[in-house]
Amino acid sequence: MPPSAPGPVTYSRKSQMAHPLRHSPSLIPNNLTSHGSNVAYSRGDAVIVSSYGENKLTSLPFGDKVQVKGVQYLDFGWVCVLAVCMIDGFQLWSNEGSRMLFFHPVRPSSDSESCYVRGCSVITDRNEFLIGDSSGAMHTFLCSQSTSRGLSVKNTKSIREHGSAISDIASGGGYVASADDRGNFCVFDVNVSEPTGGHNLMSKRLFITSEKSFPCGSIECVGSVLIAGFSSGHLKFFDLGSGECFVEVAAHSRCISAVCLNEEAGFVATASEDCVLNVWKVPDSPSDGSQVDLTFTEYIPDRQLTGVTFLTDGHGENKMLASSYDSDTLDVWKEIRS
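Under this note's numbering, think of the first position of the sequence shown as 233, with each following residue one higher.
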C-alpha cells in the first residue's frame with residue numbers, strides 16, 4: 233500500500249458535471265475503464281473509446297458482429313492495450329481503439345455449450361496478463377514487443393480451479409485473485425523478483441469458499457487485501473494471506489456493479505444498481521482492524537450505475553467518472569484535497 237495521500241480527500245460535483253457519450257453503456261459489471269484521459273465502455277455489440285474533455289469518440293471497427301462481455305485497459309508500463317472480452321474469445325486493441333493487435337479464440341468444452349471471456353488483469357510487474365472464461369478456467373499470456381507487428385502475445389498456461397464462470401480477476405501486492413459466479417475466490421502467489429516471463433512462478437495459495445453463494449462481480453487487490461463486491465450489495469475485505477474476511481459492509485441495497493481502486497489516494501469506489509456511488513478508505517492491512525470508513529457517498533437519481541473509474545484530465549485535475557445504463561453521459565466528480 234502506498235503512503236497515504238497528503239490530507240483528506242473528497243469529491244465534488246458542481247451542478248450536473250457530465251461527459252457526453254455517443255451510445256449508452258450496457259448493464260454489465262465493470263463497464264467503464266480508463267487509461268490517461270481515454271475512457272472505454274461497451275454497448276451491446278460495440279465498444280466506444282472517448283477522450284475525456286474532448287469531443288472525440290471512436291467505435292472499435294469490428295469486422296464481424298460481436299457480443300461484448302467487458303472491456304479493460306491493460307497497462308504493462310511500456311505499452312497499454314484495450315482488452316475486449318466477448319463471446320468465443322477476446323481481442324487486444326491499441327489504446328485509442330484504432331487497430332486490433334491480437335485475437336485469441338476460447339472454445340467451449342462441448343458442442344452444446346457456448347463460451348465467453350470475462351475478467352482480465354495484468355500480473356503486476358510482469359509482462360503477463362490473465363483472462364477468465366465461462367468454464368471456470370484462467371489463461372495466462374506473455375506479452376512482448378515485436379518489430380513486425382508491434383506486439384507479440386503468447387498463450388503460456390491454462391489454470392482450472394473454479395467450478396463456475398470466472399467473473400473478475402485482479403492483481404496486486406504479489407498476489408493474483410480470481411472470483412466466480414458463486415462468490416468463490418482463488419488466490420495465487422506471484423514471485424515478482426524473478427526475471428520477466430516466468431509464468432510457471434504463479435502458484436496457488438488458497439481457495440476461499442463463499443458461505444452464502446452470492447455472485448461476486450468485481451474485485452480489486454491492494455497490498456495484502458482483497459476487496460470484493462457482491463450481487464447482494466455487500467462489500468467484503470479479505471486477508472490475502474489467510475483468506476479470512478476481516479470486514480463486511482452492507483454497502484448497497486442492490487447489486488454492486490463495479491469496484492474500482494484509487495491506489496494513490498488509498499480509496500476504493502463502489503457503484504451499484506441502487507443509484508448510489510460510495511467511496512471507502514482502504515485499510516493499509518488486515519491488522520488495522522475491522523472498520524472501513526465511508527468518505528464520500530452520493531445518490532444519483534434514475535441512474536443504474538454500471539461502472540466507475542478514476543483518471544487525470546488534460547489540466548492535471550483528478551476526476552472520478554461513473555457510467556449508467558441507458559444514459560448518454562458519464563457523471564463526473566472532481567477530487568478535492570485539503
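From the three backbone atoms N, C-alpha and C, an ideal C-beta is built for every residue, glycine too.
Note that the structure is predicted; figures quoted are calculated from it, not measured.
Taking the runs of the beta strand (DSSP E) that are 3 residues or longer, which of them lie wholly in the region 365-425?
If we require 3 residues or more, the beta strand (DSSP E) runs fully inside the region 365-425 come out as 369-376, 384-392, 398-404, 407-412 and 417-422.
Three-state secondary structure (DSSP) at serine 519?
Three-state DSSP puts serine 519 in a helix.
Which residues bound the beta strand (DSSP E) around arginine 275?
Per DSSP, arginine 275 belongs to the beta strand (DSSP E) from 270-275.
Could you give the distance in angstroms between the alpha-carbon of threonine 441 and the alpha-carbon of glycine 404?
Cα to Cα, the separation comes out at about 21 Å.
How many angstroms separate the CA atom of valine 279 from the CA atom of leucine 509?
Between valine 279 and leucine 509, the C-alpha separation is close to 24 Å.
Let me check one thing: in DSSP terms, what residues is tryptophan 512 bridge-paired to?
Note: tryptophan 512 sits in a beta bridge opposite Val500 and Leu526.
Is the beta carbon of serine 256 less than 8 Å from the beta carbon of aspartate 506?
Not in contact: serine 256 and aspartate 506 (Cβ atoms no closer than 8 Å).
Alpha carbon to alpha carbon, how far is serine 326 from aspartate 560? Give it in angstroms, no decimals.
Each residue's Cα considered, the two are about 24 Å apart.
Could you pull the DSSP bridge partners for cysteine 453 from this structure?
For cysteine 453, which the question treats as bridged, DSSP gives the partners Leu458.
Could you name the residues of the same chain whose beta carbon sits closer than 6 Å to that of lysine 571, not counting the 5 residues immediately before and after it, in chain order?
The first residue shown for the chain is 233 and the last is 570, placing residue 571 beyond what the model contains.
Please tell me whether isoleucine 398 and glycine 368 are closer than 8 Å, where the distance is taken between their beta carbons.
Yes.
Histidine 547: buried (16+ other C-beta within 10 angstroms of its C-beta) or exposed?
Answer is exposed; the Cβ neighbour count stays below 16.
May I ask you to report which of helix, strand or coil DSSP gives tyrosine 575?
The chain is shown from 233 up to 570; residue 575 falls before or after that span and cannot be answered.
Along the chain, where does the beta strand (DSSP E) containing phenylalanine 335 start, and where does it finish?
From DSSP, the beta strand (DSSP E) with phenylalanine 335 extends over 332-337.
In whole angstroms, give me the CA-to-CA distance for phenylalanine 334 and arginine 414.
Near 31 Å, if we compare the C-alpha coordinates of arginine 414 and phenylalanine 334.
Using 8 Å as the threshold, is the C-beta distance between valine 271 and leucine 324 below it?
No, the pair does not count as a contact, with Cβ atoms beyond the cut-off.
Quick one, which of Val303, Ser274 and Leu289 has its alpha-carbon nearest histidine 251's?
Of Val303, Ser274 and Leu289, the residue nearest in Cα terms is Leu289.
Between the C-alpha atoms of valine 338 and valine 300, what's the straight-line distance to the nearest angstrom?
Their Cα atoms are separated by approximately 14 Å.
Give the DSSP-derived three-state secondary structure of leucine 553 in the structure shown.
Here leucine 553 sits in strand by DSSP.
Helix, strand or coil: which one does DSSP assign to histidine 431?
Confidence is the limiting factor: at histidine 431 the pLDDT is only 47, short of 50, which leaves the residue's position unreliable and the question unanswerable from this model.
Which residue's Cα is closest to the Cα of lysine 444: Asn416, Val457 and Met249?
With distances taken between Cα atoms, lysine 444 lies closest to Asn416.
Of the residues Ile459, Glu328, Asp534 and His484, which one's Cα is nearest the Cα of glutamate 495?
Comparing Cα positions, the closest option is Ile459.
Residues in the same chain with beta-carbon distance under 7 Å from glycine 321, minus the five sequence neighbours each way, listed in chain order, please.
Phe335, His336, Pro337, Val338 and Val349.
Out of Arg245, Val313, Met332 and Ser266, state which residue places its alpha-carbon closest to the alpha-carbon of cysteine 492.
Minimum Cα distance to cysteine 492 is reached at Ser266.
Give me, in chain order, the residues of the same chain whose beta-carbon lies closer than 7 Å to that of glutamate 393; leave out the 5 immediate sequence neighbours on both sides.
Cys418, Lys436 and Phe439, listed in sequence order.
Valine 620 by DSSP, collapsed to three states: which one?
The requested residue 620 does not occur in the structure, where the chain is confined to residues 233 to 570.
Shortest alpha-carbon distance to serine 406 belongs to which of Ala554, Glu452 and Asp412?
It is worth fixing the name first, because residue 406 is glycine in this sequence and not serine. The shortest Cα separation from glycine 406 among Ala554, Glu452 and Asp412 belongs to Glu452.
Can you give the Cα-Cα distance for glycine 475 and proline 515, rounded to whole angstroms?
So the alpha carbons of these two residues sit roughly 16 Å apart.
Rounded to a whole number of angstroms, what is the C-alpha to C-alpha distance between serine 517 and phenylalanine 294?
So the two alpha carbons sit approximately 43 Å from each other.
Taking the straight line between their C-alpha atoms, what separation do you get for alanine 237 and alanine 497?
Residue placement at alanine 237 cannot be trusted, given a pLDDT of 45 that sits under 50; the coordinates are not used to answer.
Taking 8 Å as the cut-off, decide whether the C-beta atoms of valine 540 and alanine 483 are in contact.
No. Outside cutoff.
Which term fits serine 244, buried or exposed, when burial requires 16 or more other beta carbons within 10 angstroms of its beta carbon?
Classification of serine 244: exposed, given that the 10 Å Cβ count is below 16.
Looking at C-alpha atoms only, which residue of Ser274, Pro261, Gln377 and Gln304 is the closest neighbour of cysteine 448?
Here the closest residue by C-alpha is Pro261.
DSSP three-state label for tyrosine 305, please.
Reduced to three states, the DSSP call for tyrosine 305 is strand.
On a Cα-Cα basis, can you pick out the residue from Leu253, Val454 and Asp412 that is closest to methionine 285?
It should be pointed out that residue 285 corresponds to glycine in this sequence rather than to methionine. The shortest C-alpha separation from glycine 285 is found at Leu253.
For serine 366, I'd like the list of residues in its chain whose CB is within less than 6 Å of its CB, leaving aside the five on either flank, ordered along the chain.
Closer than 6 Å at the Cβ level, and outside the excluded window around serine 366, lie Cys347, Tyr348 and Ala397.
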